[in-house]
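Trainee: Chains as they are written, first to last, in the working numbering: chain A, 36 to 637; chain B, 3 to 277.
Glycine residues also receive a C-beta, built at the ideal position from the N, C-alpha and C atoms.
I'd like to ask some things about the structure below.
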Amino acid sequence: MAETSEIEKHQYDVVVIGAGGSGLRAAIAAHEAGAKTAIVTKSLLGKAHTVMAEGGIAAAMGNRWPEDNWEVHFRDTMRGGKMLNNWRMAQLHAQEAPERVQELEDWGALFDRTDDGLISQRDFGGHRYARLAHVGDRTGLEMIRTLQQRAVALGIDVFMECTVTDLFKDDSGAISGAFAYWRETGTFLAFEAPSVVLATGGIGKSFKVTSNSWEYTGDGHALALRAGAALINMEFVQFHPTGMVWPPSVKGLLVTESVRGDGGVLKNSEGKRFMFDYIPEFFKAETADTEEEADRWYDDKKNNRRPPELLPRDEVARAINSEIKAGRGSPHGGIYLDIASRRSAEFIHKRLPSMHHQFKELADVDITKEPMEIGPTCHYVMGGVEVDPDTELSGIKGLYAVGECSGGMHGSNRLGGNSLSDLIVFGKRAGEAAAAYSSGLEARASIDGELERAQAEALAPFDPKGDENAYTIQADLQQAMNDLVGIIRTAEELEQSLKEIERLKERASRLKVEGGRAYNPGWHLSIDIHNMLLVSECIAKAALARQESRGGHTRDDFPGPDPEWGAKNLVLTLNSAGDGVDLAEKPLPVMPDELKAFFEDK
Amino acid sequence: MAETTQLKMRVWRGDDQGGGLEDYTVEVSEGEVVLDAIHRLQATQAGDLAVRWNCKAGKCGSCSAEINGRPRLLCMTRLSDFEPGETITVTPVRTFPIIRDLVTDVSYNFEKAAELPGVALPPRDADGKRRMAQIDVERGQEFRKCIECFLCQNVCHVIRDHEDNKPAFAGPRFFLRYAELDMHPLDTHDRRELAQQAAGLGMCNITKCCTEVCPEGIKITDNAIIPMKERVVDKKYDPLVWLGEKIGIRNKDNDDREAAPKRQKSSVKRPRARA
Ligand SMILES: Cc1cc2nc3c(=O)[nH]c(=O)nc-3n(C[C@H](O)[C@H](O)[C@H](O)COP(=O)(O)OP(=O)(O)OC[C@H]3O[C@@H](n4cnc5c(N)ncnc54)[C@H](O)[C@@H]3O)c2cc1C
Ligand code: SF4
Ligand code: SF4
Ligand code: FES
Numbered sequence: 036m037a038e039t040s041e042i043e044k045h046q047y048d049v050v051v052i053g054a055g056g057s058g059l060r061a062a063i064a065a066h067e068a069g070a071k072t073a074i075v076t077k078s079l080l081g082k083a084h085t086v087m088a089e090g091g092i093a094a095a096m097g098n099r100w101p102e103d104n105w106e107v108h109f110r111d112t113m114r115g116g117k118m119l120n121n122w123r124m125a126q127l128h129a130q131e132a133p134e135r136v137q138e139l140e141d142w143g144a145l146f147d148r149t150d151d152g153l154i155s156q157r158d159f160g161g162h163r164y165a166r167l168a169h170v171g172d173r174t175g176l177e178m179i180r181t182l183q184q185r186a187v188a189l190g191i192d193v194f195m196e197c198t199v200t201d202l203f204k205d206d207s208g209a210i211s212g213a214f215a216y217w218r219e220t221g222t223f224l225a226f227e228a229p230s231v232v233l234a235t236g237g238i239g240k241s242f243k244v245t246s247n248s249w250e251y252t253g254d255g256h257a258l259a260l261r262a263g264a265a266l267i268n269m270e271f272v273q274f275h276p277t278g279m280v281w282p283p284s285v286k287g288l289l290v291t292e293s294v295r296g297d298g299g300v301l302k303n304s305e306g307k308r309f310m311f312d313y314i315p316e317f318f319k320a321e322t323a324d325t326e327e328e329a330d331r332w333y334d335d336k337k338n339n340r341r342p343p344e345l346l347p348r349d350e351v352a353r354a355i356n357s358e359i360k361a362g363r364g365s366p367h368g369g370i371y372l373d374i375a376s377r378r379s380a381e382f383i384h385k386r387l388p389s390m391h392h393q394f395k396e397l398a399d400v401d402i403t404k405e406p407m408e409i410g411p412t413c414h415y416v417m418g419g420v421e422v423d424p425d426t427e428l429s430g431i432k433g434l435y436a437v438g439e440c441s442g443g444m445h446g447s448n449r450l451g452g453n454s455l456s457d458l459i460v461f462g463k464r465a466g467e468a469a470a471a472y473s474s475g476l477e478a479r480a481s482i483d484g485e486l487e488r489a490q491a492e493a494l495a496p497f498d499p500k501g502d503e504n505a506y507t508i509q510a511d512l513q514q515a516m517n518d519l520v521g522i523i524r525t526a527e528e529l530e531q532s533l534k535e536i537e538r539l540k541e542r543a544s545r546l547k548v549e550g551g552r553a554y555n556p557g558w559h560l561s562i563d564i565h566n567m568l569l570v571s572e573c574i575a576k577a578a579l580a581r582q583e584s585r586g587g588h589t590r591d592d593f594p595g596p597d598p599e600w601g602a603k604n605l606v607l608t609l610n611s612a613g614d615g616v617d618l619a620e621k622p623l624p625v626m627p628d629e630l631k632a633f634f635e636d637k
Numbered sequence: 003m004a005e006t007t008q009l010k011m012r013v014w015r016g017d018d019q020g021g022g023l024e025d026y027t028v029e030v031s032e033g034e035v036v037l038d039a040i041h042r043l044q045a046t047q048a049g050d051l052a053v054r055w056n057c058k059a060g061k062c063g064s065c066s067a068e069i070n071g072r073p074r075l076l077c078m079t080r081l082s083d084f085e086p087g088e089t090i091t092v093t094p095v096r097t098f099p100i101i102r103d104l105v106t107d108v109s110y111n112f113e114k115a116a117e118l119p120g121v122a123l124p125p126r127d128a129d130g131k132r133r134m135a136q137i138d139v140e141r142g143q144e145f146r147k148c149i150e151c152f153l154c155q156n157v158c159h160v161i162r163d164h165e166d167n168k169p170a171f172a173g174p175r176f177f178l179r180y181a182e183l184d185m186h187p188l189d190t191h192d193r194r195e196l197a198q199q200a201a202g203l204g205m206c207n208i209t210k211c212c213t214e215v216c217p218e219g220i221k222i223t224d225n226a227i228i229p230m231k232e233r234v235v236d237k238k239y240d241p242l243v244w245l246g247e248k249i250g251i252r253n254k255d256n257d258d259r260e261a262a263p264k265r266q267k268s269s270v271k272r273p274r275a276r277a
């Protein structure tokens with residue numbers, strides 16, 4: 036067994052795990068508040084998921100529609116989440132997003148402009164006004180590069196290709212540090228730090244058809260559970276309506292919602308614009324019911340209602356699923372997304388350059404000439420660490436969570452563009468809170484007693500007695516989650532999925548790794564797979580318990596929303612044996628009357 | 003269902019101590035890219051094969067390698083680009099030191115990034131917003147499409163063939179960044195001196211190899227390096243300045259800007275030891 040004396044040790048006031056938009060923003064805030072700050076990331080700097088975001092950042096700046104303000108954005112967000120959102124987070128988010136976006140501009144971001152030279156804003160599903168600040172269809176790249184360049188210019192320490200496997204706590208139960216390995220060498224390092232900010236992103240790699248990368252193994256979710264924090268909203272997984280379906284190699288790859296925001300429509304194999312058949316009662320009053328009205332809306336929002344293609348994502352994904360099931364799908368099992376017949380080639384090149392490139396290069400399809408074939412893909416997890424809305428502090432002292440790995444903000448369904456804004460609004464808040472907490476402490480706890488256990492756990496997959504391959508277990512889990520915990524769910528299948536997860540857990544206790552410790556993806560996956568399994572169990576358990584359909588959770592056996600369920604969250608914590616999760620119900624925080632008023636009549 | 007075939011591949015395996023090409027045969031199907039084949043190798047035959055990737059959509063710039071000797075993104079190179087039966091050889095990018103297999107040490111690029119002073123804008127307008135014309139931001143936007151795949155850095159002969167030039171040469175990716183900041187409609191710094199002295203702009207002899215490999219199609223030489231060189235010698239070649247003078251859009255006066263501050267050291271950390 037390796038000596039713990041070889042473990043690198045580092046001391047910081049604040050350690051941020053994750054270098055996506057939320058982690059970078061948190062680190063900048065902590066640094067600016069005077070904390071000695073480190074950023075730790077599994078990938079190279081600038082490669083986190085945020086780089087892939089396409090459409091835009093939602094912020095009620097009112098640059099296109101002066102009628103827009105935080106109250107309208109707040110209302111849209113709550114309605115999109117089917118009122119299950121933490122109201123306070125939704126309020127802070129809507130109020131602070133405009134200033135956070137303008138701050139990106141101060142730091143060098145070059146957004147597309149309106150004719151008056153202001154930051155341009157585009158239409159997206161569920162948003163009443165054109166509200167998404169954007170750069171063509173590569174907004175995430177602009178965000179991550181801007182924040183990365185800012186963090187580097189400030190001289191914040193960055194540990195890249197460095198994966199955190201464990202969190203440490205002191206005798207009082209507060210955070211005392213984190214344990215990690217360098218991917219390059221397989222050597223270990225430990226951080227002594229009273230504040231840790233989780234900014235690790237999502238869980239989508241547990242599903243077979245997904246827009247998410249290898250990084251999305253739910254590490255932050257699992258680290259939080261193991262440290263004793265709680266997760267909420269885990270049953271709500273967003274299936275984005277438009278992922279590529281062909282060729283198989285790119286199945287699941289995202290097709291941005293901007294295609295619809297910029298005029299694209301959905302058609303079935305009979306050429307019918309079918310979304311008009313799927314307008315739910317909840318959104319009838321604000322949705323166009325004829326093609327003529329829908330088409331007029333793009334230019335005249337005052338006198339027309341929104342096209343049904345721009346309903347929230349859960350509605351659109353379910354409709355597409357039904358059309359395919361009814362046999363009106365496209366040749367490769369999707370449906371058609373058509374912008375070619377509706378907008379000029381020049382417009383498409385200008386507004387959707389990366390979509391054009393992506394289809395041309397990967398599918399031999401020219402989207403200025405032909406429709407795209409698309410279908411739902413696992414995209415985003417609404418669920419995550421339960422946090423205090425103002426500070427992003429979890430139930431554990433010193434442990435904060437932001438971005439996709441936190442829960443509450445989006446309720447049962449996230450509106451497009453509300454993630455990028457979530458990252459910067461709550462990133463800043465968490466960084467400031469974490470710095471303030473650390474600076475108020477008198478003493479730092481030692482982590483030395485924890486190192487041996489943490490190291491042994493990380494090296495466990497090298498045990499020569501193992502006989503299971505982590506890649507195979509991962510593939511089996513992805514298939515099971517796709518088939519049994521997917522877009523439409525039933526009690527029977529969810530129960531079956533939980534049994535399957537238990538079987539996979541047993542197999543994952545006997546892993547075998549080929550090769551050594553230096554840059555060995557097989558070993559890395561052998562560590563991540565435990566996180567994937569734990570998080571998958573959370574999703575399946577919560578999905579089984581919630582006997583209603585709401586947002587990103589659709590039960591075939593309970594097709595409608597139920598007001599009783601609409602008043603409570605499901606909370607998951609690690610069980611006492613530490614090998615699974617327990618579930619409890621918890622009432623939603625009650626919205627104050629002055630905010631409730633936004634939902635009356637209108 | 004998609005048709006499957008057997009693909010012959012040669013993949014460089016090894017580390018900084020040495021290594022060589024290994025032969026593999028792997029099942030692939032219609033529409034797949036080279037990265038799919040590499041992933042299947044990992045899952046079925048070589049669990050420890052090291053490769054970087056994230057987005058698998060040409061957006062993150064992680065998966066740079068040399069495919070049959072040509073610098074490409076593994077995720078954007080389709081198997082159908084090759085002759086049926088052709089063996090595909092995948093090697094790590096050549097200009098950066100090997101870590102393992104297809105993964106190289108790209109920290110040079112992060113050091114160069116840290117040496118570059120960031121944007122410096124004046125205060126916002128009275129209403130708290132900033133105003134820039136779309137045509138003014140478009141030039142910078144072209145450069146900001148860069149996904150930091152570092153393929154341009156990899157092919158630039160100034161460092162590919164001359165290791166000792168590395169300390170004095172930032173490389174095309176960062177000339178792009180100098181040009182972007184220089185052309186930012188509101189930036190207040192003058193970076194010409196720094197680009198010439200510290201970044202080694204003068205060492206570039208405009209071979210255009212960088213432009214040829216850029217997967218984002220950025221015209222690195224024509225639109226960034228050459229205008230930057232011209233600005234350095236103060237020829238006022240810049241078409242935007244010219245255009246700006248003609249139609250009276252906002253524009254910066256080179257002589258009025260403050261010189262950018264000196265470079266700083268990278269704060270990116272590296273492992274202290276090997277296992
Ligand atoms: C294709 C696509 C398009 C999208 N488009 C939009 C859009 O237009 N608008 C919008 O609002 N949202 C969009 N989203 C969603 C949004 O991009 C993500 O939810 C958001 O970027 C997540 O940011 P984050 O900061 O939470 O995490 P990420 O950006 O995913 O970063 C996670 C970080 O954590 C690190 N990490 C993870 N685990 C560990 C560990 N164990 N140790 C160390 N580091 C670790 C990773 O290396 C990475 O640096 C899109 C998502 C996708 C996939
Ligand atoms: S044009 Fe200049 S920077 Fe580009 S490859 Fe040639 S020498 Fe290098
Ligand atoms: S300029 Fe092009 S080739 Fe160079 S790093 Fe950027 S995207 Fe890659
Ligand atoms: S994996 Fe992102 S560019 Fe290839």
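Spatial neighbours of Gly-263/A within its chain, please: CB distance less than 6 angstroms, with the 5 preceding and 5 following residues excluded, ordered by chain position.
Mentor: The residues are Ile-431.
Trainee: At a Cβ threshold of 8 angstroms, is Lys-254/B touching chain A?
Mentor: Because Lys-254/B carries a pLDDT of 47, less than 50, the predicted location of this residue cannot be relied on, and the following value inherits that uncertainty. It does not; no Cβ of chain A falls within 8 angstroms.
Trainee: With DSSP as the reference, identify every bridge partner of Leu-546/A, one or two as the case may be.
Mentor: Paired residues: Glu-503/A.
Trainee: In terms of alpha-carbon separation, which member of Ala-480/A, Pro-622/A, Gly-452/A lies closest to Ala-94/A?
Mentor: Answer by Cα proximity: Gly-452/A.
Trainee: At 8 angstroms on the CB atoms, spell out the chain B contacts of Gly-601/A, in chain order.
Mentor: Going along chain B, no residue has its Cβ under 8 angstroms from Gly-601/A, so there is no contact; the nearest lies around 36 angstroms.
Trainee: Note the first and the last residue of the continuous beta strand (DSSP E) segment covering Ser-31/B.
Mentor: Start and end: 20 to 31.
Trainee: DSSP puts Pro-406/A in a beta bridge; with which residues?
Mentor: Pro-406/A is not bridged to any residue.
Trainee: Alpha carbon to alpha carbon, how far is Ala-132/A from Val-231/A? Give it in angstroms, no decimals.
Mentor: Cα to Cα, Val-231/A sits roughly 24 angstroms from Ala-132/A.
Trainee: Output yes or no for whether 8 angstroms exceeds the beta carbon distance between Cys-413/A and Phe-242/A.
Mentor: Taking 8 angstroms as the Cβ cut-off, Cys-413/A and Phe-242/A qualify as a contacting pair.
Trainee: Is Arg-449/A buried or exposed, if buried means 16 or more other CB atoms sit within 10 Å of its CB?
Mentor: Classification of Arg-449/A: buried, given that the 10 Å Cβ count is 16 or more.
Trainee: Where does Glu-396/A land, buried or exposed, given buried means 16+ other C-beta within 10 angstroms?
Mentor: With 16 or more other Cβ atoms within 10 Å, it is buried.
Trainee: Does DSSP classify Tyr-415/A as helix, strand or coil?
Mentor: Residue state, collapsed to three classes: strand.
Trainee: Use the C-beta contact count for Ile-249/B: other C-beta atoms within 10 angstroms, 16 or more gives buried, fewer gives exposed.
Mentor: Because the pLDDT of Ile-249/B is 41, which lies under 50, any placement of that residue in the model is unreliable, and the number read from its coordinates should be weighed accordingly. So Ile-249/B counts as exposed.
Trainee: Can you tell me whether DSSP reads Gly-152/A as helix, strand or coil?
Mentor: Gly-152/A: coil per DSSP, three-state reduction.
Trainee: Using a Cβ-Cβ distance under 8 angstroms, would Lys-237/B count as near chain A?
Mentor: Note on Lys-237/B: pLDDT 44, under 50, position unreliable in the model; the coordinate value appears next. No, Lys-237/B lies away from the interface with chain A (no Cβ there is under 8 angstroms from its Cβ).
Trainee: Can you pull the chain A residues whose beta carbon is under 7 angstroms from the beta carbon of Leu-123/B, in chain order?
Mentor: Here the neighbours are Asp-141.
Trainee: Classify Ala-129/A: buried if its beta carbon has 16 or more other beta carbons within 10 angstroms, exposed otherwise.
Mentor: Counting Cβ neighbours within 10 Å, Ala-129/A comes out buried, since at least 16 surround it.
Trainee: By how many angstroms is the C-alpha of Thr-608/A removed from the C-alpha of Gly-595/A?
Mentor: Taking the straight line joining both Cα atoms gives about 28 angstroms.
Trainee: How about the segment 8 to 18 of chain B and the segment 97 to 108 of chain B: do they share at least three Cβ pairs that are nearer than 8 angstroms?
Mentor: Touching, per the Cβ criterion.
Trainee: According to a CB-to-CB cut-off of less than 9 angstroms, which residues of the segment 150 to 167 of chain A neighbour chain B?
Mentor: Those residues of the segment 150 to 167 of chain A that come within reach of chain B (Cβ to Cβ, closer than 9 angstroms) are Asp-150, Asp-151, Gly-152, Leu-153, Ile-154, Ser-155.
Trainee: May I ask whether a heavy atom of ligand 2 can be found less than 7 angstroms away from the beta carbon of Ile-228/B?
Mentor: It does not: the Cβ of Ile-228/B is nowhere closer than 7 angstroms to a heavy atom of ligand 2.
Trainee: Closer than 7 angstroms by beta-carbon distance: list the chain A residues that pair up with Phe-112/B, in chain order.
Mentor: Near Phe-112/B (Cβ distances below 7 angstroms), the residues of chain A are Leu-80.
Trainee: Can you give the beta carbon distance from Glu-328/A to Asn-339/A, rounded, assuming they're within the 8 angstroms contact cut?
Mentor: The Cβ separation is near 5 angstroms, so the contact holds.
Trainee: Listed from N- to C-terminal order along the chain, which residues in the segment 212 to 223 of chain A have their beta-carbon within a distance smaller than 7 angstroms of any beta-carbon of chain B?
Mentor: Flagged, chain order: Trp-217, Glu-219, Thr-220, Gly-221, Thr-222.
Trainee: Identify the continuous beta strand (DSSP E) that holds Arg-348/A and give its terminal residues.
Mentor: Run containing Arg-348/A: none in the beta strand (DSSP E); it sits in the alpha helix (DSSP H), 348 to 360.
Trainee: Would you check whether ligand 1 has a heavy atom nearer than 7 angstroms to the C-beta of Thr-85/A?
Mentor: Within the cutoff, so yes.
Trainee: Can you tell me the Cβ-Cβ gap for Leu-233/A and Ile-52/A, rounded? I've got them flagged as a contact below 8 angstroms.
Mentor: Confirmed, about 5 angstroms.
Trainee: When you measure from the CB of Ile-208/B to every non-hydrogen atom of ligand 2, does any distance come out below 7 angstroms?
Mentor: The answer is yes for Ile-208/B.
Trainee: Below 7 angstroms, is the gap between the Cβ of Lys-77/A and the nearest heavy atom of ligand 1?
Mentor: Yes, the Cβ of Lys-77/A comes within 7 angstroms of a heavy atom of ligand 1.
Trainee: Could you check if Ile-210/A belongs to the surroundings of ligand 1, using beta carbon to heavy atom distance under 7 angstroms?
Mentor: Because no heavy atom of ligand 1 lies under 7 angstroms away, the Cβ of Ile-210/A does not count as near it: no.
Trainee: Sorted by chain position, which residues of the same chain lie with C-beta nearer than 7 angstroms to Val-160/B's C-beta, five sequence neighbours on each side aside?
Mentor: Only Asn-167, Phe-171, Met-205, Cys-206 meet the Cβ criterion.
Trainee: From the DSSP output, in three-state form, read off Thr-69/B for me.
Mentor: Reading off the sequence, residue 69/B comes out as Ile, not Thr. Looking at Ile-69/B - three-state DSSP - the assignment turns out to be strand.
Trainee: What are the complete beta strand (DSSP E) segments, minimum 3 residues, inside the segment 69 to 105 of chain A?
Mentor: For the segment 69 to 105 of chain A, whole beta strand (DSSP E) runs of length 3 or above, ordered along the chain, are 72 to 76.
Trainee: Considering only their Cβ atoms, is the gap separating Thr-198/A from Asn-566/A smaller than 8 angstroms?
Mentor: No, the Cβ-Cβ distance between Asn-566/A and Thr-198/A is not below 8 angstroms.
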